[in-house]
Amino acid sequence: MNSLARRWTFSTLLLLTIVCPASARADGPAEVTITNVQGKSATLTAQSLADAPRATLTAKDRDGQEHRFEGVEIHELLKRVEVSTGEDLRGPRMRELVTIEGADGYSVAYSIGELSPKFTDRKILLADRIDGMPLAAETGPYRVIVEGDKRHSRWVRNVARIRVLDSAQLVRPAQDR
Ligand SMILES: Nc1nc2c(c(=O)[nH]1)N[C@H]1C(S)=C(S)[C@@H](COP(=O)(O)O)O[C@H]1N2
Ligand SMILES: [Mo]
């Protein structure tokens, strides 16, 4: 490589280091897709999460220390695809499920009732900050935090997708058919 080419390469790398936001280096995608039972979808961006009602909770991370997590409760995000968890959540809607999937395909199912503040005070957060800082690349930019859970299997890292499903539309066990 001649010196001019070398200088160009160096300048380009320097520029990329300066202009790339931290989220671009995270293991998870910068945007989360959310889909309802009918297939209607919305894209959650850093901006839409910043604009939504913010919530915080304190929980022990894997280091055994209490941390302050900040983000948006899942039920607030469900409103973006017209899924309500308010007073009208009852009857046949109680069979709805919400799956949250990480960039690596790891997926967790939550029931609609446990995501509703009408049913429980235990918050389930799509967190984007820990102790006032953006999440680390290995967990972010978005990570589920479930208040009160004794183990972290439902704390999905690098969240990529949220899907609302009707459990009655899922395949039934053979003995039921
Ligand atoms: N994206 C993603 N999130 C995940 C997992 C995974 O494999 N992929 N494993 C889960 C399981 S089973 C556990 S116990 C916790 C472990 O997280 P920790 O190492 O921060 O305790 O992450 C959960 N979140
Ligand atoms: Mo686990």
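In this note's numbering, each residue's number is its place in the sequence shown (first place is 1) plus 1326. Note that beta-carbon positions come from the ideal geometry of N, C-alpha and C, so glycine has one too.
C-beta atoms of residue i and residue j nearer than 8 angstroms
i, j, result
"E1396", "P1379", "no"
"S1442", "T1411", "yes"
"A1463", "V1407", "no"
"G1354", "R1483", "yes"
"E1427", "S1433", "yes"
"L1415", "E1473", "no"
"V1424", "L1451", "no"
Identified DSSP bridge partners for residue i
i, result
"I1471", "L1451"
"A1385", "H1393"
"Y1436", "V1424"
"I1488", "I1360, I1426"
"T1369", "T1359"
"P1460", "R1455"
Cβ separation of residue i and residue j, assumed to be a contact under 8 angstroms, to the nearest whole Å
i, j, result
"V1358", "V1485", "6 angstroms"
"H1352", "P1467", "Position check: residue 1352 holds Ala in this sequence, whereas His was assumed. Yes, A1352 and P1467 are in contact; Cβ-Cβ is about 5 angstroms, under 8 angstroms."
"E1422", "I1438", "4 angstroms"
Nearest-angstrom Cα separation, counted from residue j out to residue i
i, j, result
"W1481", "Q1495", "26 angstroms"
"F1445", "L1404", "16 angstroms"
"D1430", "K1476", "23 angstroms"
"R1448", "P1418", "23 angstroms"
"A1348", "P1460", "Residue placement at A1348 is poorly supported in this model, since its pLDDT is 46, which falls under 50; the coordinates are not used for a value here."
"R1394", "D1377", "19 angstroms"
"T1371", "A1381", "17 angstroms"
"K1366", "V1409", "10 angstroms"
"I1456", "H1478", "16 angstroms"
"G1458", "R1388", "18 angstroms"
"A1453", "T1465", "10 angstroms"
"E1392", "P1499", "42 angstroms"
"A1435", "D1502", "22 angstroms"
For this session: Tell me, please, whether the segment 1489 to 1496 touches the segment 1353 to 1369 by the rule of three or more beta-carbon pairs shorter than 8 angstroms.
Result: yes
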